[in-house]
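For the sequence shown, the numbering used here begins at 2 and goes up steadily by one. A virtual CB, placed ideally from N, CA and C, is assigned to each residue, including glycine. Remember, it's a predicted structure, so these values are computed and weren't measured experimentally. Here's the structure we're looking at; comments come further down.
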Amino acid sequence: MSAPAPSPLAIVDAEPLPRQEEVLTPAALAFVAELHRRFTPRRDELLARRAERRAEIARTSTLDFLPETAAIRADDSWKVAPAPAALNDRRVEITGPTDRKMTINALNSGAKVWLADFEDASAPTWENVILGQLNMTDAYERRIDFTDERTGKSYALKDAGELATVVMRPRGWHLNERHLTDADGAPVPGALVDFGLYFFHNAQRLIDLGKGPYFYLPKTESHLEARLWNEIFVFAQDYVGVPQGTVRATVLIETITAAYEMEEILYELRDHASGLNAGRWDYLFSIVKNFRDGGQKFVLPDRNLVTMTAPFMRAYTELLVRTCHKRGAHAIGGMAAFIPSRKDAEVNKVAFEKVRADKDREAGDGFDGSWVAHPDLVPIALESFDKVLGDRPNQKDRLREDVSVAAGDLIAIDSLDAKPTYDGLVNAVQVGIRYIEAWLRGLGAVAIFNLMEDAATAEISRSQIWQWINAGVVFADGTPATAELAREVAAAELAAIRAEIGEEAFAAGKWQQAHDLLLQVSLDADYADFLTLPAYEQLR
Numbered sequence: 002m003s004a005p006a007p008s009p010l011a012i013v014d015a016e017p018l019p020r021q022e023e024v025l026t027p028a029a030l031a032f033v034a035e036l037h038r039r040f041t042p043r044r045d046e047l048l049a050r051r052a053e054r055r056a057e058i059a060r061t062s063t064l065d066f067l068p069e070t071a072a073i074r075a076d077d078s079w080k081v082a083p084a085p086a087a088l089n090d091r092r093v094e095i096t097g098p099t100d101r102k103m104t105i106n107a108l109n110s111g112a113k114v115w116l117a118d119f120e121d122a123s124a125p126t127w128e129n130v131i132l133g134q135l136n137m138t139d140a141y142e143r144r145i146d147f148t149d150e151r152t153g154k155s156y157a158l159k160d161a162g163e164l165a166t167v168v169m170r171p172r173g174w175h176l177n178e179r180h181l182t183d184a185d186g187a188p189v190p191g192a193l194v195d196f197g198l199y200f201f202h203n204a205q206r207l208i209d210l211g212k213g214p215y216f217y218l219p220k221t222e223s224h225l226e227a228r229l230w231n232e233i234f235v236f237a238q239d240y241v242g243v244p245q246g247t248v249r250a251t252v253l254i255e256t257i258t259a260a261y262e263m264e265e266i267l268y269e270l271r272d273h274a275s276g277l278n279a280g281r282w283d284y285l286f287s288i289v290k291n292f293r294d295g296g297q298k299f300v301l302p303d304r305n306l307v308t309m310t311a312p313f314m315r316a317y318t319e320l321l322v323r324t325c326h327k328r329g330a331h332a333i334g335g336m337a338a339f340i341p342s343r344k345d346a347e348v349n350k351v352a353f354e355k356v357r358a359d360k361d362r363e364a365g366d367g368f369d370g371s372w373v374a375h376p377d378l379v380p381i382a383l384e385s386f387d388k389v390l391g392d393r394p395n396q397k398d399r400l401r402e403d404v405s406v407a408a409g410d411l412i413a414i415d416s417l418d419a420k421p422t423y424d425g426l427v428n429a430v431q432v433g434i435r436y437i438e439a440w441l442r443g444l445g446a447v448a449i450f451n452l453m454e455d456a457a458t459a460e461i462s463r464s465q466i467w468q469w470i471n472a473g474v475v476f477a478d479g480t481p482a483t484a485e486l487a488r489e490v491a492a493a494e495l496a497a498i499r500a501e502i503g504e505e506a507f508a509a510g511k512w513q514q515a516h517d518l519l520l521q522v523s524l525d526a527d528y529a530d531f532l533t534l535p536a537y538e539q540l541r
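Structure (structure tokens):
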């Protein structure tokens with residue numbers, strides 16, 4: 002007996018968008034519906050498992066490598082699939098949302114790879130979700146251009162040989178797409194919407210271009226979640242009739258639990274795996290989230306004081322390089338988030354030196370590539386990796402067998418000398434309010450204080466406020482971190498923003514909403530797993 006036809010999906014509470022019928026075709030929606038029918042129940046089980054694991058960490062305040070998968074780690078014989086030509090050299094990757102201007106600029110940037118982001122750098126408005134898909138297809142068909150209404154400047158794609166290879170990032174497992182529901186009124190997971198529409202429309206196009214389809218997988222917390230993605234890839238390739246093994250996935254190791262399962266994650270995806278990436282801000286957010294009631298030894302200082310040279314961060318990144326190269330996968334480094342200033346050459350000079358030092362360290366440690374947030378940083382990162390790689394596409398032959406990381410090394414937060422500061426609290430409030438306000442207006446990648454911030458930034462900001470208050474942190478001047486203090490700082494910041502931008506602009510924005518939401522997720526006794534869950538309820 003053949004499988005039942007998938008239930009049609011309903012588009013709910015969404016204003017029609019120009020050309021949306023090109024994305025939301027009956028055939029594409031049938032594919033997404035079938036993904037939803039087959040895989041959402043397992044997604045739901047895995048989300049429940051996350052909660053169980055978090056409760057266990059709360060009880061024990063520890064983590065370890067999994068005894069039940071020791072044989073996978075001990076077996077030196079397995080490797081991931083060889084990298085396709087378009088993903089063999091990844092020495093610089095640029096990240097950003099999929100609006101029309103960014104799509105052109107990222108593809109033209111000179112980076113080897115563009116992380117086309119439907120996740121943390123994109124607020125999931127219906128417009129961003131659907132028009133982002135349209136922009137990707139238009140780019141592959143070379144029918145994309147853009148003229149900035151404000152400046153009159155026009156943007157167009159360079160020759161095909163000069164364009165970055167696209168690696169698309171769908172939303173994490175925890176987010177639903179409320180505008181697409183099944184016959185029972187249940188929303189489809191955002192990850193399946195983003196992946197499904199993109200894969201259905203572009204898999205064959207990308208194969209014809211010799212460039213995909215390739216994916217970044219965010220917020221993964223276990224090898225079982227990687228296994229689910231692998232099952233989705235196998236089904237999807239059969240469904241649209243492309244060869245098995247065509248898909249390649251790079252997994253972001255941006256949760257503390259995933260750091261203990263790097264080899265297992267690669268193993269589950271081994272026929273489709275391309276590499277692992279070190280995602281700094283989400284990783285710190287995950288540490289705070291999981292160990293938030295573990296006492297003083299797990300209290301993180303100001304986020305800007307936690308550099309990649311901190312012992313527990315070194316353990317994480319060096320283990321990632323060793324793991325990837327042992328298994329034939331690419332190791333991709335972290336983000337250079339600096340946004341160059343056109344007004345302040347001195348700011349640029351200092352920042353460029355920091356970026357160069359960061360990328361020199363990553364290249365020296367054995368990473369095969371790294372991320373930048375702005376096209377002006379591409380040459381700096383390229384120079385760092387060119388010095389080490391020369392004409393080689395990567396350095397996967399550097400096995401880093403000198404690296405030995407014990408389970409406790411990854412959570413040795415108290416190895417840091419730095420302590421939380423009052424200025425750190427102020428910065429967390431400032432960045433949190435400013436980012437959330439932009440997100441509620443549909444912007445996911447936001448320049449704040451010369452840094453490109455995304456949702457991970459807001460997560461670490463609100464998590465640190467929550468942790469410092471609940472851990473009873475006292476700043477160096479004797480001031481205790483309290484809910485009252487956070488409210489005072491937030492009120493002062495709101496008043497400062499009003500004075501800075503004027504009453505009209507203030508009223509036109511979503512500043513009060515952002516202020517209230519930041520305080521809600523920073524001060525509520527029940528810690529919200531993700532800021533974007535309550536924020537999504539307010540996103541229009």
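| Within the stretch 182–250, ranges of the alpha helix (DSSP H) (whole runs, at least 4 residues) | 191–210, 224–241
| query | Which same chain residues, not among the five before or five after Ser110, have their C-beta less than 7 Å away from its C-beta? | reply | Stepping through the sequence shown from its first residue, residue 110 is reached at position 109. If we look at Ser110 and ignore the five residues flanking it on each side, its Cβ neighbours are Ile95, Ala165, Pro376, Val379.
| field | Ranges of the alpha helix (DSSP H) found wholly within the stretch 371–451, counting only runs of at least 4 | value | 379–390, 423–441
| query | For Asn471, which of helix, strand or coil comes out of DSSP? | reply | Within the sequence shown, the letter at position 470 stands for residue 471. Here Asn471 sits in helix by DSSP.
| task | Check the C-beta distance from Asp455 over to Ala448 and give it rounded, since I have them as a contact under 8 Å. | result | The count along the sequence shown starts at 1 and reaches residue 455 at position 454. The count along the sequence shown starts at 1 and reaches residue 448 at position 447. Wrong, their Cβ atoms sit about 11 Å apart, outside the cutoff.
| request: Helix, strand or coil for Gly334, going by three-state DSSP, please let me know. | output: Reading the sequence shown from its first residue, position 333 is the one you call residue 334. The answer is strand: DSSP assigns Gly334 an E or B state.
| said: Quick check on the DSSP output: the alpha helix (DSSP H) that includes Asn109 runs from which residue to which? | reply: Here the question's residue 109 lines up with position 108 in the sequence shown. Per DSSP, Asn109 belongs to the alpha helix (DSSP H) from 101–109.
| In three-state DSSP terms, what is Lys93? | For the purposes of this step, residue 93 is taken as the residue at position 92 of the sequence shown. Reading off the sequence shown, one finds Val at residue 93, where the question assumed Lys. It is a strand residue.
| task | Out of Thr308, Tyr423, Phe119, Arg44, state which residue places its alpha-carbon closest to the alpha-carbon of Ile470. | result | For the purposes of this step, residue 470 is identified with residue 469 of the sequence shown, where counting begins at 1. Considering only alpha carbons, the answer is Tyr423.
| Would you say the stretch 110–130 touches the stretch 292–306, given that touching needs at least three Cβ pairs under 8 Å? | no
| field | Environment of Asn305 [buried if 16+ CB atoms lie within 10 Å] | value | For the purposes of this step, residue 305 is identified with residue 304 of the sequence shown, where counting begins at 1. By the 10 Å Cβ count, Asn305 comes out exposed.
| field | Cβ distance (whole Å) where His37 is taken to contact Val189 below 8 Å | value | Counting from 1 along the sequence shown, the entry for residue 37 is found at position 36. Counting from 1 along the sequence shown, the entry for residue 189 is found at position 188. Indeed they touch by this definition, with Cβ atoms about 5 Å apart.
| So what does Glu454 bridge to, in DSSP terms? | The count along the sequence shown starts at 1 and reaches residue 454 at position 453. Note: Glu454 sits in a beta bridge opposite Val447.
| query | What are the boundary residues of the alpha helix (DSSP H) that Thr307 is part of? | reply | Reading the sequence shown from its first residue, position 306 is the one you call residue 307. Residue identity check: residue 307 is Val in the sequence provided, not Thr. Annotation for Val307: no alpha helix (DSSP H) segment contains it, and DSSP assigns it neither H nor E.
| field | Uninterrupted beta strand (DSSP E) stretches inside the stretch 252–304 (no shorter than 3 residues) | value | Here the runs fully enclosed are 274–279.
| message | I'd like the list of long-range same chain contacts for Pro535, defined as Cβ closer than 8 Å, with 5 residues on each side in sequence excluded. | response | Position 534 of the sequence shown holds residue 535. Excluding residues within five positions, the ones whose Cβ falls inside 8 Å are Leu518, Gln521, Val522, Ala529.
| task | Report the three-state DSSP secondary structure of Asp366 (helix, strand or coil). | result | As a position in the sequence shown, residue 366 is number 365, starting the count at 1. Correct three-state label for Asp366: helix.
| Any idea what DSSP makes of Ser523, helix, strand or coil? | The sequence position of residue 523 within the sequence shown is 522, counting from 1. Residue state for Ser523 is assigned as helix, using DSSP reduced to three classes.
| field | Reference Tyr436; option with closest CA among Thr61, Lys511, Pro98 | value | Position 435 of the sequence shown holds residue 436. The shortest Cα separation from Tyr436 among Thr61, Lys511, Pro98 belongs to Lys511.
| Straight-line CA distance for Met263 to Ile254? | Indexing the sequence shown from 1 puts residue 263 at position 262. Indexing the sequence shown from 1 puts residue 254 at position 253. So the alpha carbons of these two residues sit roughly 8 Å apart.
| What do you reckon, are the CB atoms on Glu319 and Asp366 nearer than 8 Å? | Indexing the sequence shown from 1 puts residue 319 at position 318. Indexing the sequence shown from 1 puts residue 366 at position 365. Yes, these two residues count as a Cβ contact at 8 Å.
| query | Any idea if Val351 is buried or exposed, counting beta-carbon neighbours within 10 angstroms, 16 or more meaning buried? | reply | The residue given as residue 351 occupies position 350 in the sequence shown. Classification of Val351: exposed, given that the 10 Å Cβ count is below 16.
| query | Straight-line CA distance for Gly329 to Ala497? | reply | By 1-based counting over the sequence shown, the position of residue 329 is 328. By 1-based counting over the sequence shown, the position of residue 497 is 496. Each residue's alpha carbon lies about 52 Å from the other.
| task | Closer than 8 Å by C-beta to Ile333: which residues in its own chain qualify, once you throw out the five before and the five after it? Chain order, please. | result | The residue labelled residue 333 in the question sits at position 332 within the sequence shown. The residues are Arg91, Glu94, Thr251, Gly276, Leu277, Asn278, Ala279, Phe368, Asp369, Gly370, Ser371, Trp372.
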